[in-house]
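K.L.:
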Amino acid sequence: MTSRRTFIKSASVAAAAFTIVPRHVLGRGFVAPSDKLNIAAVGCGGKADVNIRLAFNGGTDNIVALCDVDDRQAVKYRAQFPNAPYFRDFREMLDKAGKTFDAVIVSTPDHMHAPIAMAAMNMGKHVYVEKPLTHDIYEARMLTEAARRNKVVTQMGNQGSSGDSTRYIEQLIQDKVIGHVHTVYCWTNRPVWPQGVQSPKDKKESQPVPAEVDWNKWLGTAPYRDYHAAYMPFRWRGYWDFGTGALGDMGCHFMDVPFRALRLKYPTSVECSVGSVYADFFQEAYFDDVCPPSSSVHMTFPSDDRKVKEIKFSWFDGGIRPALPDGVTYEQLFASVDGGMLFIGTKGMLSGGLFGDNFKLWPAEKFANQDMTKPARPLVEGKTEGHQQQWVKACKEGFGAYTSSGFDQAGPLTETVLMGNLATRSFLAREDGKFTGRKKLLWDGDTQKITNYDYANQFVKRTYAGGYTL
Numbered sequence: 013m014t015s016r017r018t019f020i021k022s023a024s025v026a027a028a029a030f031t032i033v034p035r036h037v038l039g040r041g042f043v044a045p046s047d048k049l050n051i052a053a054v055g056c057g058g059k060a061d062v063n064i065r066l067a068f069n070g071g072t073d074n075i076v077a078l079c080d081v082d083d084r085q086a087v088k089y090r091a092q093f094p095n096a097p098y099f100r101d102f103r104e105m106l107d108k109a110g111k112t113f114d115a116v117i118v119s120t121p122d123h124m125h126a127p128i129a130m131a132a133m134n135m136g137k138h139v140y141v142e143k144p145l146t147h148d149i150y151e152a153r154m155l156t157e158a159a160r161r162n163k164v165v166t167q168m169g170n171q172g173s174s175g176d177s178t179r180y181i182e183q184l185i186q187d188k189v190i191g192h193v194h195t196v197y198c199w200t201n202r203p204v205w206p207q208g209v210q211s212p213k214d215k216k217e218s219q220p221v222p223a224e225v226d227w228n229k230w231l232g233t234a235p236y237r238d239y240h241a242a243y244m245p246f247r248w249r250g251y252w253d254f255g256t257g258a259l260g261d262m263g264c265h266f267m268d269v270p271f272r273a274l275r276l277k278y279p280t281s282v283e284c285s286v287g288s289v290y291a292d293f294f295q296e297a298y299f300d301d302v303c304p305p306s307s308s309v310h311m312t313f314p315s316d317d318r319k320v321k322e323i324k325f326s327w328f329d330g331g332i333r334p335a336l337p338d339g340v341t342y343e344q345l346f347a348s349v350d351g352g353m354l355f356i357g358t359k360g361m362l363s364g365g366l367f368g369d370n371f372k373l374w375p376a377e378k379f380a381n382q383d384m385t386k387p388a389r390p391l392v393e394g395k396t397e398g399h400q401q402q403w404v405k406a407c408k409e410g411f412g413a414y415t416s417s418g419f420d421q422a423g424p425l426t427e428t429v430l431m432g433n434l435a436t437r438s439f440l441a442r443e444d445g446k447f448t449g450r451k452k453l454l455w456d457g458d459t460q461k462i463t464n465y466d467y468a469n470q471f472v473k474r475t476y477a478g479g480y481t482l
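Numbers given in our numbering equal positions in the sequence shown, counted from 1, plus 12.
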């Protein structure tokens, strides 16, 4: 992107050769080339389809480079942007085309988010990264610090953070409308893909690699395993080497609302239980490379409210829902098919669906006249559909421009979401044939360490395969 400052500085050299036409000369509805952000996209299918479309915004900005390890996923956008060079390796894209773009959209499986985003930021590129921000807790901290160090504009792809409901709920909670909040529930219908079943790797099954796929680059940071169609596209979410399960998929959507509204940071403890899979009568299956079919996760957070010592947060997935307090039923909540959330305070309750939408106060008659339209932060043009363009506009303004889910917010949120997976993987861990991690785990957020079960700390940071670095 050529800024006006850069243009003025170089004008004396370039004036004899050409003239850049400013926006006001072109007239309403036209955008000067110098006002367009040049964007590269790593990942072209799935969520990338939405991210690229909304960032391009009908041509108000430019897509100048594309990258995907599966040519089938890139067909649509290669046809739409024939002049954008196409790569299978993001490192080659950064090396060969890096001078042509200002920002990078990362819409890959979870295990590749961090190395791609880090490489881009270290080149001074602004980044938009799908949720969850990272696969590992450690990676989230590193990306947060790198964004500050490189002074780039960032956004995580939890578009609900740009919705109106998030801002209204945040203000209601901060105003103590339902009193002092001490308990929060979030639940989701995910997974909606096969999860908790034995993997092709365990069954020693493999298939020929399609010609359109670079399997080694798709594996990326993950240890080698043979190709199987069970992993891609999308179904990678249920395998620990690639995805982060139902919690990673939806946690950054649902947990974002209480995380903001209650000013949460790091939990001090986490514990869980997971749905069991049985291989035979009374024989619990042990599939250590797949996410469980269902789970409930319970965290404790310190509270900044002097009237509440700590905040209890519980997460439920795989069809599990919390038992509701007296005075409200699921029929009344009408959250959403994707799940819901419930804040419980000393004076009442607040419920909402995905992104906090359709939120309500309980008991209904008590809050019938309550104003629920005061936003805690300015509303975003386009609401959730304006999330990508909010980032684009902030990139043009430069480092320091506000985004709804910049890494200073998204990083700690992702660390917290992934704490649930650390607990889940510890619950499933076996040492000498025994499940030793089925207990409350104590967490030191500053040092990123479980202090009472060292085995769990292997899930904070993984070792990259394939020669990749962070």
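Note that beta-carbon positions come from the ideal geometry of N, C-alpha and C, so glycine has one too.
#1: Could I get the ranges of all uninterrupted beta strand (DSSP E) runs contained in the region 111–192, with 3 residues as the minimum, in chain order?
#2: Does DSSP put Lys359 in a helix, a strand or coil?
#3: Tell me where the alpha helix (DSSP H) around Tyr270 begins and ends.
#4: Please report the Cβ distance between Trp327 and Gly263, rounded to the nearest whole angstrom; I am assuming they are in contact, meaning their Cβ atoms lie under 8 Å.
#5: Hey, could you find the ends of the beta strand (DSSP E) His310 is sitting in?
#6: Among residues of its own chain, excluding the 5 on either side of Gly257, which ones have a beta-carbon nearer than 6 Å to its beta-carbon?
#7: Which residue spans inside the region 61–100 form an unbroken beta strand (DSSP E) run of at least 3?
#8: Any contact between the region 343–350 and the region 312–322? By contact I mean 3 or more CB pairs, one from each, below 8 Å.
#9: Thinking just about the alpha-carbon of each residue, which of Phe439, Asp301 and Gly169 is nearest to the one in Thr12?
#10: Rounded to whole angstroms, what's the CA-CA distance from Cys56 to Trp403? Just pull it up for me.
#11: Here's the rule I'm using: 16 or more other beta-carbon atoms within 10 Å means buried, otherwise exposed. How should Phe294 be labelled?
#12: For Leu453, write down the residues that DSSP places opposite it in a beta bridge.
#13: How is the alpha helix (DSSP H) around Glu427 delimited, first residue to last?
#14: Look at the alpha carbon of Arg40 and the alpha carbon of Glu393, and state the distance between them as a whole number of angstroms.
#15: Under the three-state reduction of DSSP, which class applies to Thr195: helix, strand or coil?
#16: Measure from the alpha carbon of Lys446 to the alpha carbon of each residue in Ala223, Ser438 and Gly172, then state which is nearest.
#17: By DSSP, does Ile239 sit in helix, in strand, or in coil?
#18: According to the neighbour-count rule (16 or more other Cβ atoms, all chains shown, within 10 Å of its Cβ), is Ala241 buried or exposed?
#19: Tell me whether Ala291 is buried or exposed, calling it buried when 16 or more other Cβ atoms sit within 10 Å of its Cβ.
#20: Quick check on the DSSP output: the beta strand (DSSP E) that includes Glu322 runs from which residue to which?
#21: Can you give the Cα-Cα distance for Leu440 and Pro203, rounded to whole angstroms?
#22: Closest to Val502 by C-alpha separation, out of Gly330, Thr72, Lys229 and Ala413, would be which residue?
#23: The alpha helix (DSSP H) with Ala388 in it runs from where to where?
#24: Compute the distance between the beta-carbons of Ala126 and Thr426, then report whether it is under 8 Å.
#25: Count the other CB atoms within 10 Å of the CB of Gly70; is the residue buried (16 or more) or exposed (fewer)?
#26: Label Glu104 either buried or exposed according to how many other C-beta atoms from any shown protein chain fall within 10 Å of its C-beta, with 16 as the threshold for buried.
#27: Rounded to the nearest angstrom, what separates Arg450 and Val282 at their Cα positions?
#28: Among Arg275, Pro220, Trp252 and Gly255, which has the Cα closest to the Cα of Tyr239?
#29: From Val289 to Ser315, what distance separates their C-alpha atoms?
P.N.:
Straight from the coordinates:
#1: 115–118, 138–141 and 166–168
#2: The residue labelled residue 359 in the question sits at position 347 within the sequence shown. Coil, per DSSP.
#3: Working through the sequence shown from its first residue, we reach residue 270 at position 258. It should be pointed out that residue 270 corresponds to Pro in this sequence rather than to Tyr. Pro270 -> alpha helix (DSSP H) spans Asp268 to Ala273.
#4: Residue numbering aside, residue 327 sits at position 315 when the sequence shown is read from its first letter. Residue numbering aside, residue 263 sits at position 251 when the sequence shown is read from its first letter. Between Gly263 and Trp327 the Cβ distance is about 7 Å, and since that is below 8 Å, they are a contact.
#5: The residue labelled residue 310 in the question sits at position 298 within the sequence shown. Its beta strand (DSSP E) spans residues Ser307 to Pro314.
#6: Stepping through the sequence shown from its first residue, residue 257 is reached at position 245. Same-chain partners within the cutoff: Cys303.
#7: 74–79
#8: no
#9: The question about residue 12 has no answer here: the residues shown for the chain are numbered 13 through 482.
#10: The residue given as residue 56 occupies position 44 in the sequence shown. The residue given as residue 403 occupies position 391 in the sequence shown. Each residue's Cα considered, the two are about 18 Å apart.
#11: In the sequence shown, counting from the first residue as 1, residue 294 sits at position 282. Label assigned to Phe294: exposed.
#12: The residue given as residue 453 occupies position 441 in the sequence shown. Answer is Val282, bridged to Leu453.
#13: On the sequence shown, position 415 is the one that residue 427 refers to. It spans Phe419 to Leu440 - the alpha helix (DSSP H) in which Glu427 sits, taken as one unbroken run.
#14: Taking the sequence shown and counting its residues from 1, one reaches residue 40 at position 28. Taking the sequence shown and counting its residues from 1, one reaches residue 393 at position 381. Note that Arg40 scores a pLDDT of 38, beneath 50, so its modelled location is shaky; the value from the coordinates is reported in the next line. Distance between the alpha carbons of Arg40 and Glu393 is about 19 Å.
#15: Here residue 195 is taken as the residue at index 183 of the sequence shown, counted from 1. In the structure shown, Thr195 sits in a strand (DSSP, three-state: E or B).
#16: Reading the sequence shown from its first residue, position 434 is the one you call residue 446. Looking at the Cα atoms, Ser438 is the closest of the given residues.
#17: Locating residue 239 in the sequence shown gives position 227, counting from the first residue. Just to set this straight, residue 239 is Tyr in the shown sequence, not Ile. It is coil, neither helix nor strand.
#18: One-based indexing of the sequence shown puts residue 241 at position 229. That one is exposed.
#19: Within the sequence shown, numbered from 1, the residue matching residue 291 stands at position 279. Label assigned to Ala291: exposed.
#20: Locating residue 322 in the sequence shown gives position 310, counting from the first residue. Taken as a continuous stretch (DSSP letters only), the beta strand (DSSP E) holding Glu322 covers Glu322 to Asp329.
#21: Locating residue 440 in the sequence shown gives position 428, counting from the first residue. Locating residue 203 in the sequence shown gives position 191, counting from the first residue. As the crow flies, the alpha-carbon of Leu440 is around 18 Å from that of Pro203.
#22: Examination of residue 502 is not possible in this model, given that the chain is present from 13 through 482 alone.
#23: Counting from 1 along the sequence shown, the entry for residue 388 is found at position 376. Ala388 -> no alpha helix (DSSP H), and no H or E assigned at all.
#24: On the sequence shown, residue 126 is found 114 positions in, with the first residue counted as 1. On the sequence shown, residue 426 is found 414 positions in, with the first residue counted as 1. No, Cβ-Cβ distance for Ala126 and Thr426 is not below 8 Å.
#25: Walking along the sequence shown from the start, residue 70 turns up at place 58. It is exposed - the Cβ of Gly70 has fewer than 16 other Cβ atoms within 10 Å.
#26: By 1-based counting over the sequence shown, the position of residue 104 is 92. With fewer than 16 Cβ atoms within 10 Å of its Cβ, Glu104 is classed as exposed.
#27: Here the question's residue 450 lines up with position 438 in the sequence shown. Here the question's residue 282 lines up with position 270 in the sequence shown. Each residue's Cα considered, the two are about 11 Å apart.
#28: On the sequence shown, residue 239 is found 227 positions in, with the first residue counted as 1. Among Arg275, Pro220, Trp252 and Gly255, the Cα nearest to that of Tyr239 is on Pro220.
#29: Along the sequence shown, one-based indexing puts residue 289 at 277. Along the sequence shown, one-based indexing puts residue 315 at 303. Val289 and Ser315: Cα-Cα distance of roughly 37 Å.
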